[in-house]
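Here is the structure we will look at.
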Amino acid sequence: MDVLQLVTTRRPFFHKQVEALERHGINCTVLEVPGGDEATRSPMAYLQFYTESLSASPWQYDLVHANYGLTAPMALAQPTRPVVLSLWGSDIFGQYDWLSRQCATLADEVVVMSSAMADALGEACHVIPHAVDFEQFEPVPTETAKQTLGWDDGKYHVLFPYDPDRAEKDHPRAVRVIDAVNERLDTPVSLEVVHGVAHDRVPTYMNAADALILTSTHEGSPNAVKEALACNTPVVSVDVGDVASLIDGAARSAVCADDEELTTELTATLQSSEAVHGRAAVEPLRLNRMAERLTAVYRSAIDRRCA
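By the count of this note's numbering, the sequence shown reaches residue 307 at its end, each step adding exactly one.
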């Protein structure tokens, strides 16, 4: 099967998705919107992408897969090939949700990352979260990872794995919580912002961290949580996306309703030495399983169009 993949930004989890699909016999050609990321692109970049999409002769493929809502109009512009639309989270909960919702009604099949997204969309869809690479994200001793990074052994280190300038990630809230935790513990707690780091180095940070904190206003299915759990790193988070189901079965991890709960749970997590068992919790999210499910969606879209 030959699939034209349209994407706004080639994030690491998207690379892994394409690689997994190709191992399952899906030949993928990827087109990326030019001109930076979603926050900085001009409308002209999407006009150029529209032209490039049609120049790629999408009718020569078996299917067009639009990854993220802003690519959907380009996929739907060609009338001859079935379209699968994958929504990632901010394209349903952000400012362009109206576009994603309209395009979802026109696509042959729709994929979302969590049941919360499915409920918000209100359309028939498949819940297939992005997967985690278990070979890349695997546990190593915390002290070994800390030594690699040169982190101070006399501190707790809590990971914030996002660009602090992204408002929806709510970095100021994470800072407030860490300040509050520091008031309760004798051992200092440092908030480690990890952004712009090569993806092959991220597992070292995940393993070096004593916990990961997530304070986002909204999420689909946050890969940072899955990657942390695959390294057996505990997660303390607000209740967004599918985090509650991801940490189900993982010790020393919690979803919280407010800053007080975040502070209390993170304090307890840092003081505990209980085994996390996070890797077992995200076992169903291996890459090969995600690829199998997406391949089935592709075949369903093709059969639907041919019916």
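Cβ atoms here follow ideal geometry from the backbone N, Cα and C, with glycine treated the same way.
The structure presented is a predicted model; accordingly, all values stated were derived computationally and were not measured.
Next item on the list: Tell me whether the beta-carbon of Leu285 lies closer than 9 Å to the beta-carbon of Leu21.
Entry: no
Next item on the list: Taking only runs that begin and end inside the region 222–250, name each unbroken alpha helix (DSSP H) of 4 or more residues, in chain order.
Entry: 223–230, 243–246
Next item on the list: Take the Cβ of Gly17 as the centre, count every other Cβ of all protein chains shown within 10 Å, and call the residue buried at 16 or more, exposed below.
Entry: At residue 17 the sequence reads Gln, which differs from the Gly that was named. Its Cβ being crowded by 16 or more others within 10 Å, Gln17 is buried.
Check: Going along the chain, which residues of its own chain have a beta-carbon closer than 7 Å to the beta-carbon of Trp151, five neighbours each way excluded?
Finding: His157, Ala208
Check: In three-state terms, what does DSSP make of His218?
Finding: Three-state DSSP puts His218 in coil, outside helix and strand.
Next item on the list: Could you tell me if Asp200 is buried or exposed, where buried requires 16 or more neighbouring beta carbons within 10 angstroms of its beta carbon?
Entry: It is exposed - the Cβ of Asp200 has fewer than 16 other Cβ atoms within 10 Å.
Item checked: Of the listed residues Met74, Arg279, Arg81, Leu6, nearest to Gln136 (C-alpha basis) -> Comparing C-alpha distances from Gln136 to each of Met74, Arg279, Arg81, Leu6 shows the shortest one belongs to Arg279.
Notebook entry, point to check: Since Glu32 sits in a beta bridge, which residues does DSSP pair it with?
Noted result: Val7
Margin query: Check for me: the alpha helix (DSSP H) holding Leu270 runs from which residue to which?
Written below: 259–271
Next item on the list: State the DSSP-derived secondary structure class of Arg304, mapped to helix, strand or coil.
Entry: helix
Notebook entry, point to check: Identify the residues that DSSP records as bridge partners of Asn27: which are they?
Noted result: Beta-bridge pairing by DSSP links Asn27 to Asp2.
Item checked: Counted within 10 angstroms of its Cβ, other Cβ atoms place Gly69 as buried (16 or more) or exposed -> Residue environment analysis places Gly69 among the buried positions, since at least 16 neighbouring C-beta atoms fall within 10 angstroms of its C-beta.
Notebook entry, point to check: By how many angstroms is the C-alpha of Gly25 removed from the C-alpha of Gln60?
Noted result: Distance between the alpha carbons of Gln60 and Gly25 is about 17 Å.
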